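The next block holds one structure in the form of structure tokens; read it before the comments.
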Amino acid sequence: MLQWKRLRQGFLSLRRRFARAFSSGDRDELEEILLEADIGVERAESLLADSKGERERLAELIRGILEKAEKPFEFGAHPTVVMIIGTNGSGKTTTIAKLAALWKNRKVLIAAADTYRDAAGLQLERWAARTGTDIVSSVQGQDAGAVVYDALKKALSKDYGVVLIDTAGRLHTRRDLMAEAEKIRRVATKLIPEAPHEVLLVMDASTGQNGLRQAQGFYDAIGVTGLVIAKLDGTCKAGVVIPIVERFSLPIYFIGVGEQTGDIVPFCAAKFTRALLG
Ligand SMILES: Nc1nc2c(ncn2[C@@H]2O[C@H](COP(=O)(O)OP(=O)(O)O)[C@@H](O)[C@H]2O)c(=O)[nH]1
Ligand SMILES: [Mg+2]
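Numbered as in the numbering used here, the sequence shown ends at 1062 without a single skipped number.
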């Protein structure tokens, strides 16, 4: 698929460095690459020890870790309500545009519940127009809860298959985060008792371990059901996917490999490992 090609292209220099280190048997260089890829010190050391620095063995070990996170996204309910959360700038709104395009034939409705910034609503409306997706936005200063309520009501009455809820990422304290998520949840369950069916945490791969720490705050505050790892195109910190999988034990449903609506693909451990190591 085109998206995996993009990923392979982005990892080219990383793959070349790996290839050189494997062929010269330079264990120090291998460790250096793994550390720079933000895989984490302990994991880098144990992977090197267990693989004895052999390419095939290392690939097998990495694939083994990543396979735990491979799970197809399932639509259990009609509508399936998917809340998208994550740090400001991690890629939430872009991911919503991508998912709306990917799931076009399921009849998607977007709820623009990042009501803290006007620009967020406008950005989402542009994406909705571009992908031909219906959207419910805040009117006259409605808060996130009111937007979600209107969106779910519309989804039920107009037979939408999926509702994607955009949320604010700029909330600073854990308490603010929890309060906002709780508000959305409380309102949603009034109309659909099990909603939101999925809470996807969007993480920015290019921020490496740093982003991992930030995402931890969301993970701790809100019941997350799955991950989307955005901005994997061209980042030299792609190794961070390994500690992400080990830390959160959650499925990675999708990865983002660019800024366009087509730049999303279901996560595949084997393909990802091949893109990384060759
Ligand atoms: N290269 C790349 N850029 C991305 C990707 N996903 C999002 N972005 C960019 O990251 C920036 C922030 O994205 P946005 O969706 O607005 O983040 P939000 O604040 O979480 O809603 C924008 O410039 C996006 O174009 C991706 O997969 N790859
Ligand atoms: Mg946004």
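Yeah, the Cβ is synthetic: ideal placement off N, Cα and C, and Gly gets one too. Just so you know, these numbers come straight off a predicted model, no measurement behind them.
Item                                                                                                                                                     : Value
Mark His-1064 as exposed unless 16 or more other C-beta atoms lie within 10 angstroms of its C-beta, in which case mark it buried.                       : In the structure displayed, the chain extends from 785 to 1062; residue 1064 sits before or after that span and is not available.
Keeping to the same chain, check which residues put their C-beta closer than 6 Å to that of Ala-1053; ignore five residues upstream and five downstream. : Arg-847, Leu-850, Glu-851 and Glu-854
Taking 8 Å as the threshold, find out whether the stretch 1007-1020 comes into contact with the stretch 836-846 through three or more Cβ pairs.          : no
Quick one: residues in its chain with C-beta nearer than 7 Å to the C-beta of Asp-801, no 5 flanking neighbours on either side, listed in chain order?   : In the sequence as presented, Asp is not what sits at residue 801; that position holds Arg. The answer, listed in chain order, is Ile-817.
How would the residue list near ligand 2 read, in chain order, if you kept each one whose beta-carbon is closer than 5 Å to any heavy atom?              : Lys-876, Thr-877 and Ala-904
Taking buried to mean at least 16 other C-beta atoms within 10 Å of its own C-beta, is Pro-1035 buried or exposed?                                       : buried
Please indicate yes or no: does the CB of Asp-943 lie closer than 7 Å to some heavy atom of ligand 1?                                                    : no
Please list the terminal residues of the continuous alpha helix (DSSP H) segment that includes Pro-980.                                                  : Neither: Pro-980 is in no alpha helix (DSSP H) and is coded neither H nor E.
Would you mind reading off the limits of the alpha helix (DSSP H) that contains Gly-929?                                                                 : 928-941
Return the residue from the list Asp-810, Ser-830, Gly-875 and Ala-805 that minimises the CA-CA distance to Ser-990.                                     : Gly-875
Within 10 angstroms of its Cβ, does Thr-957 collect 16 or more other Cβ (buried), or is it exposed?                                                      : exposed
CA-CA distance, Ser-830 and Gly-824?                                                                                                                     : 10 Å
Just the C-alpha distance for Leu-906 and Glu-1030, rounded to the nearest angstrom, thanks.                                                             : 36 Å
What are the boundary residues of the beta strand (DSSP E) that includes Gly-1010?                                                                       : 1010-1014
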